[in-house]
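Chains as they are written, first to last, in the working numbering: chain X, 1 to 318; chain W, 1 to 110.
Below is one structure, written out as structure tokens; the observations come after it.
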Amino acid sequence: MAEDEAIFDPTLKKKKKKKKTTFDIDAALAEGNANETSEIGNGELESKEDENRQKDDDAEDVDLDLDFTKKKKKKKKPFSTEELDAALNDINSETVTETMNNEEAGDDNFDIDMLDFSKMKKKKKKKDLDDFIAEAEEKEDKENIEDNVNLWSGSDRDYTYDELLNRAFEIMRDKNPDMAAGKKQKFVMRPPQVVRIGTKKTSFANFTEICRMLHRQPKHLLDFLLAELGTSGSVDGNSQLIIKGRFQQKQIENVLRRYIKEYVTCHTCRSPDTILQKDTRLFFLQCETCGSRCSVASIKLGFQAVTAKRAAIRAKTA
Amino acid sequence: MSIQNLNTFDPFADASKGADDDVQDGLVHIRIQQRNGRKTLTTVQGLSSEYDLKKIVRACKKEFACNGTVIEHPEYGEVLQLQGDQRENICQWLTKAGLAKPDQLKVHGF
């Protein structure tokens, strides 16, 4: 029984592989209009699958390497399936089956461990059968792809806006899978350490550290903080910021968030990878990711009400 | 960027649009300042000089149950000053009274 399974599973794997390769060819054929981007995407996929196939072959031949290949495969596969998803634009059923296949692939590696010779023999017989099945599926896949990706490519009708939009996003995702197209990027920061000193002063302990994380001059952030909070303060010897007044961590976080929104993240693409430059008295935010450059508001102190004792001020000035 | 400079710019666009009932221009900065203890002060800077700030402060004092005053500042003009943290209140009140649009309000402070 165990043997049977072992024999069966690799064939499943094979089938899937076949499926994938046929996908690509079909896609390439379907998009015969030669839009290079999708072709590139497919090319990548194919190469990846080739690798996978080679690895599988290796696995079948050499038992000792199995663990290694298995790990690699595990890492690789989710990636390739993702790309496939992007390329095929949510054929959900497909992905489900594929993930199932992945699991099975993981299982059958164990089986390969146990028994290899018997499978080696029987595989060849199975292959022919598989080819038939794969071919049958090929046609279905072709139809699916044409339905989902290029509805309008063959026909005379005009494309709709949504179709074009989908296409653009697919190409974008294909080209750079690490880019979060449409997804919101999260910018993770260490929380500020805010401690009260006595009753009237607050210490912002990791001030310089946060400045370094944001790639901003401590002076700039200091100016902003003091202007926003409407107080005075300074950086002391331990590179911590001492602010006059009582502030809680939450409040400082709020101000920091506003600072990041205005002076750190790019206003166009929201990437935190930016440089703040001063140019003819104005601050410009230069984005390293998208290359946009825009001016940011200068830090203004604004109106400050008199909060100290007037008598004390009078005594000081006079 | 350089193309932006080449665009034709109509200097009278604002004038031709006419002074519709909207006299408030520029941002209204609403700030908070800490005083001694837990006491705070709210300042409203940048309200249009067309408005009678004395009347506004009178209404605000009644509405928020706080004291307040109008301060003449050489640079910033007339500034409203209210006792306590009235940032939320003043934002709502200004928009409700139609003195400023929500996107013209800029709240500072923590």
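By construction, the Cβ of each residue, glycine as well, lies at the ideal position given by its N, Cα and C atoms.
Beta-carbon proximity list for residue i, same chain, < 8 Å, skipping 5 on both sides
| i | result |
| --- | --- |
| W:Arg-87 | Ile-30, Ile-32, Thr-42, Val-107 and Gly-109 |
| X:Thr-265 | Phe-187, Ser-271, Pro-272 and Thr-274 |
| X:Pro-191 | Gln-249 and Glu-253 |
| X:Met-213 | Met-189 and Arg-190 |
| X:Asp-156 | none |
Residue of the options minimising C-alpha distance to residue i
| i | options | result |
| --- | --- | --- |
| X:Gln-193 | X:Arg-270, X:Ala-297, X:Ile-243 and X:Cys-287 | X:Ile-243 |
| W:Trp-93 | W:Gln-34, W:Glu-78, W:Glu-50 and W:Lys-61 | W:Lys-61 |
| X:Gly-245 | X:Glu-253, X:Leu-214, X:Gly-230 and X:Thr-317 | X:Gly-230 |
| X:Ser-298 | X:Lys-278, X:Gln-286 and X:Ala-311 | X:Lys-278 |
| X:Met-189 | X:Arg-196, X:Ala-308, X:His-215 and X:Lys-316 | X:His-215 |
| X:Gln-249 | X:Met-172, X:Gly-237, X:Ser-203 and X:Ala-311 | X:Ser-203 |
| W:Cys-66 | W:Lys-96, W:Ala-100, W:Asp-52 and W:Ile-90 | W:Ile-90 |
| X:Glu-253 | X:Asp-223, X:Arg-157, X:Ala-311 and X:Ile-210 | X:Ile-210 |
| X:Leu-225 | X:Leu-256, X:Ala-311, X:Ser-239 and X:Cys-287 | X:Leu-256 |
| X:Gly-198 | X:Phe-247, X:Gln-304, X:His-267 and X:Ala-318 | X:Phe-247 |
| W:Leu-82 | W:Ser-48, W:Pro-102, W:Ala-59 and W:Tyr-51 | W:Ala-59 |
| X:Gln-251 | X:Arg-196, X:Lys-316 and X:Ser-292 | X:Arg-196 |
| W:Thr-69 | X:Ser-155, X:Pro-218 and X:Ala-305 | X:Ala-305 |
| X:Ala-292 | X:His-267, X:Met-172 and X:Tyr-161 | As written in the sequence, residue 292 of chain X is Ser, which differs from the Ala given in the question. Nearest C-alpha to X:Ser-292: X:His-267. |
Contacts around residue i, its chain only, beta-carbon distance under 7 Å, and the 5 residues preceding and following it disregarded
| i | result |
| --- | --- |
| W:Asn-7 | none |
| X:Leu-29 | Residue placement at X:Leu-29 cannot be trusted, given a pLDDT of 42 that sits under 50; the coordinates are not used to answer. |
| X:Asp-233 | It is Gly, not Asp, that sits at residue 233 of chain X in the sequence shown. Here the set comprises Leu-226, Leu-241, Ile-242, Ile-243 and Lys-244. |
| X:Glu-288 | Asp-273, Thr-274 and Ile-275 |
Beta-carbon proximity check, residue i vs residue j, cutoff 8 Å
| i | j | result |
| --- | --- | --- |
| X:Val-235 | X:Tyr-263 | no |
| W:Arg-114 | X:Thr-307 | Residue numbering for chain W in the displayed model covers 1 to 110; residue 114 of chain W lies beyond these limits and cannot be assessed. |
| W:Thr-40 | W:Asp-85 | yes |
| W:Gln-104 | W:Gln-45 | no |
| W:Val-57 | W:Leu-27 | no |
| X:Cys-290 | X:Cys-269 | yes |
| X:Phe-303 | W:His-73 | yes |
Cross-strand partners of residue i (DSSP beta bridge)
| i | result |
| --- | --- |
| W:Lys-106 | W:His-29 |
| X:Leu-241 | X:Phe-204 and X:Val-235 |
| X:Phe-283 | X:Lys-278 and X:Val-296 |
| W:Glu-72 | W:Glu-78 |
| W:Thr-42 | W:Ile-32 and W:Leu-82 |
| X:Ile-197 | X:Lys-201 |
Cβ-Cβ separation, residue j to residue i (assumed contact under 8 Å), whole Å
| i | j | result |
| --- | --- | --- |
| X:Tyr-259 | X:Leu-221 | 6 Å |
| W:Glu-78 | W:Leu-53 | 5 Å |
| X:Ala-205 | X:Lys-300 | Actually they do not touch by this definition, with Cβ atoms about 27 Å apart. |
| X:Thr-208 | X:Ser-239 | 4 Å |
Contact set for residue i: own chain, Cβ-Cβ below 6 Å, skip 5 residues either direction
| i | result |
| --- | --- |
| W:Glu-75 | none |
| W:Phe-64 | Gln-86 and Asn-89 |
| W:Thr-95 | Pro-102 |
| X:Leu-282 | Ser-295 |
| W:Ile-71 | Val-79 and Gln-81 |
Contact test: residue i Cβ vs the ligand FAD heavy atom, cutoff 7 Å
| i | result |
| --- | --- |
| X:Cys-290 | With respect to the ligand FAD, the structure shown offers nothing to examine, as it has no ligands at all. |
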